[in-house]
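Numbering (our numbering), first residue to last: 55 to 714.
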């Protein structure tokens, strides 16, 4: 009786709606009698997709299996039915039909759970006229381009108009160390990519065949070049490459271009299309998805969401986005442009807890009035990040670079940064990359509902991940020869500082510096041997590895990688050596008296401040016996200094010097 009533209710709903609705979603009960098997995943997932699962220890499950083919066949032959799209994650099929008999027949199929309406019939004139976004404005001048160009000559890219956008996030740092998107795969899901095959900013992408797949989930064909221009402009902020004029944030990444949005209408069928596009991105092996689409209200108000449903768990798009994260991908979503409307808040799928939702600021870091408000309905901080979406430079469909407004542009700009950051640290899972981006935000310790955690700094995010990756891998004491081994990542503009502090010392002393090498960031392993000899009884020695991640620019570029303490009590030996600084403390002059029973051909006397900066480094040759050397204290400011005496490269003594 219960099943009959359910069928009758469904029949009445469908019957009343048939004049208005022509597109439906069929929820299936299971994937029984499926010819596909998890033991042979290459039949339905690409090798890139399987590699991602292997790298990040993601298990295959039933949601990876395609929908049972015979279920789809049974639905197709139920009457005048067109299969639109199908979602293996949701185990749902979208159809188009005006055949009420077919709907009722489908309801009787034993594997069908229910049917819901999701869209009205499109108008006969369903073509979308490509146009430049209303919020784009041409402001390019030759003077502006020259001015911006001069600001970027020291970087790998000449950013031109996008110089200040790059500087706001320090993304040029990642580009300069070789992280430009090579061999990465990003999917962009949008309303169309009009003329992307012929516009200037995509020349490099097209010439190098970096579009690896495209599909139109609205019209069900492979071409996406004839539809709306919105996705094209978003794409340009990632892969754009016009030297001296316009540079995207991941110019060398490979891309997947998927159209899920019907720009002329707004119905939940577009959310379903979006999920199907995300599934295709997963199957193709994408690591990042960016989408500048959002859903809250629809052309038919009966489908409208409420703010309370923006909790990351309720909507079709949110459910699909959660699956995308579980499959190992990182999702970037636009917050929406409802900051000045009655809705005000974020839209879905920006409400997902595992996404990076992106708000809009200008190059001064000021939040735009149109950027949608957080938090999510369940109180989580939204947005997670903010990027330039107010007067943002983008490619227009008339082949000029223009400025536009929208979180639509902030989102792909942030996604491009995510690509090159993850490229630097492929060892880490999606949530670790997400966490680093959030923690690098300018407002991380004081987030709000406008800018969220703030404007991410890619150099800071790099530092966060480097400290998680790099560490001392081994340390041994072999007859007072201390061997320290460590791993890290570097390029030629980076440098390591190895420091030591004995148990009777207060400050670290630099014992060695090692320059990085190469032009593209890569994993490195290093080791040093330090011989410890002392005339003063000591118990242990602490070693600290620090890395300067950018010797080419000023600022706080010093990263502490790791430290370790070793027992060195077997290294306490008595030598007939004496090292004495006379007049210490001193105001004007001081002498260093060195007594050794042996000659020193390469005697170095180094004076450094307590930060390790070398202020004097003088070389001498010494015979056995006593020698006295004048220290250049007259040039020193008041304070404490460390005088280190070397026999060639070996430290034989350290003394403190106080200038009054």
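From the three backbone atoms N, C-alpha and C, an ideal C-beta is built for every residue, glycine too.
Computed from a prediction, not measured in an experiment: that's the story for all the values here.
Residues of the same chain with a CB within less than 6 Å of the CB of residue 672, apart from the 5 flanking positions on each side, are 659 in chain order. Across the structure, residue 581 and residue 528 are spaced so that their CA atoms are roughly 9 Å apart. Residue 289 holds the alpha-carbon nearest to the alpha-carbon of residue 254 among 289, 274, 409. Residue environment analysis places residue 688 among the exposed positions, since fewer than 16 neighbouring C-beta atoms fall within 10 angstroms of its C-beta. Residue 373: member of the alpha helix (DSSP H) spanning 370-380, first to last residue. Per DSSP, reduced to three states, the secondary structure at residue 230 is helical. Look at the region 318-352 and you find these whole runs of beta strand (DSSP E), each 3 residues long or longer: 342-345. Taking the Cα of residue 320 as reference, the smallest distance to any Cα among 348, 390, 287, 260 is reached at 348. Of the candidates 86, 85, 280, 104, the residue whose Cα lies closest to the Cα of residue 94 is 104. Just measuring C-alpha positions, the residue of 152, 155, 153, 147 sitting nearest residue 169 is 147. DSSP places residue 693 inside the beta strand (DSSP E), whose first and last residues are 693-701. Listed in chain order, the non-local C-beta contacts of residue 490 below 6 Å within the same chain comprise 515, 518, 519, local neighbours out to five positions each way being set aside. Judged by DSSP in its simplified three-state form, residue 513 adopts helix. As computed with DSSP, residue 275 is found in a beta bridge with 270. In the pairwise beta carbon analysis, the region 450-464 is classified as not touching the region 491-500: fewer than three pairs are separated by under 8 Å.
In the structure shown, the three-state DSSP call for residue 241 is strand. Taken atom to atom, the span from the alpha-carbon of residue 682 to that of residue 232 is near 51 Å. Per DSSP, the unbroken alpha helix (DSSP H) holding residue 260 starts and ends at 257-261. About 4 Å separates the beta carbon of residue 212 from that of residue 298, a gap short enough to meet the 8 Å contact definition. For residue 325, the number of other beta carbons within 10 angstroms of its own is at least 16, and it is reported as buried. Here residue 392 carries a coil assignment [DSSP, helix/strand/coil]. If you compare the alpha carbons of 378, 356, 245, 131 with that of residue 366, the shortest gap goes to 378. 701 is the residue among 125, 130, 701 whose C-alpha sits nearest the C-alpha of residue 652.
Looking at the backbone, the Cα of residue 625 and that of residue 566 are separated by about 20 Å. Scanning its chain for C-beta atoms nearer than 7 Å, with the 5 sequence neighbours on each side dropped, one finds around residue 110 the residues 382, 483, in chain order. Residue pairing by DSSP places residue 168 opposite 81 in a beta bridge. In the DSSP assignment, residue 222 falls within the alpha helix (DSSP H) that extends over 217-223. In the same chain as residue 344, and ignoring 5 residues on each side of it, the C-beta atoms closer than 7 Å to its own belong to 240, 242, 386, 465, 466, 469, in chain order. Contact between the region 627-646 and the region 550-563 is absent: fewer than three C-beta pairs spanning the two stretches fall below 8 Å. The region 396-424 contains, as complete beta strand (DSSP E) runs of 3+ residues, the segments 410-415 (chain order). Under the three-state reduction of DSSP, residue 481 is assigned to coil, being neither helix nor strand. Relative to residue 97, the option among 112, 106, 120 whose CA is nearest is 120. Annotation: the region 107-166 contains the following complete segments of the alpha helix (DSSP H) (minimum length 4 residues), in chain order: 123-130, 154-162.
Burial of residue 223 is indicated by the presence of at least 16 other C-beta atoms within 10 angstroms of its C-beta. Between residue 114 and residue 107, the beta carbon gap of about 7 Å places them in contact (Cβ cut-off 8 Å). Residue 398 and residue 426 have their C-alpha atoms some 6 Å from each other.
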